[in-house]
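A short write-up of the structure that comes next.
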Amino acid sequence: YTPQAFTKEFSSLPLDFEPGVKFNYSNSGYFLLGVIIEKVTGKPYATVLSENILKPAQLTDTGYDLFSPILPKRAAGYEKQAGKSEINLKRHTGIICTNQYSRHKR
Numbered sequence: 052y053t054p055q056a057f058t059k060e061f062s063s064l065p066l067d068f069e070p071g072v073k074f075n076y077s078n079s080g081y082f083l084l085g086v087i088i089e090k091v092t093g094k095p096y097a098t099v100l101s102e103n104i105l106k107p108a109q110l111t112d113t114g115y116d117l118f119s120p121i122l123p124k125r126a127a128g129y130e131k132q133a134g135k136s137e138i139n140l141k142r143h144t145g146i147i148c149t150n151q152y153s154r155h156k157r
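When you line the sequence shown up against the numbering used here, it's residues 52 to 157, in that order.
Shown next, in the form of structure tokens:
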């Protein structure tokens with residue numbers, strides 16, 4: 052999906068329940084939130100994440116990882132299609148990588 056195609060399709064779906072009645076995690080919702088953040092700020096989501104969360108929290112070994120090669124035995128979340136990495140809902144849905152050094156700084 053392109054962000055535009057996804058937004059168009061997702062916004063045409065009926066709500067699962069009325070807002071404020073209950074909570075249900077949604078990768079699609081976070082994808083849409085990321086699209087909105089980019090539109091409002093005029094910046095890539097990774098930049099907004101870094102400037103507003105990671106740098107202020109001094110998480111210097113943490114980042115938004117979309118372009119790394121597939122690692123052996125890495126958790127699912129992407130697949131190979133036609134010899135290329137294909138990450139489902141590629142952006143805005145939690146592609147954050149860190150290590151034990153960043154996790155234990157604070």
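Where is the CB? At the ideal position from N, CA and C, for every residue including glycine.
Predicted model only: the values in this text are computed from it and were never measured.
For I88, name the three-state secondary structure that DSSP assigns.
Within the sequence shown, numbered from 1, the residue matching residue 88 stands at position 37. Here I88 sits in helix by DSSP.
Should A97 go down as buried or exposed, given a rule of 16 or more other Cβ atoms within 10 Å for buried?
On the sequence shown, residue 97 is found 46 positions in, with the first residue counted as 1. It is buried - the Cβ of A97 has at least 16 other Cβ atoms within 10 Å.
Please classify F68 as buried or exposed, where buried requires at least 16 neighbouring CB atoms within 10 angstroms.
Within the sequence shown, residue 68 is the residue found at index 17, counting from 1. F68 comes out exposed.
Let me check understanding here. Comparing Cα to Cα, which of L84, G71, E102 lies closest to S62?
Here residue 62 is taken as the residue at index 11 of the sequence shown, counted from 1. S62 has its Cα closest to that of L84, out of L84, G71, E102.
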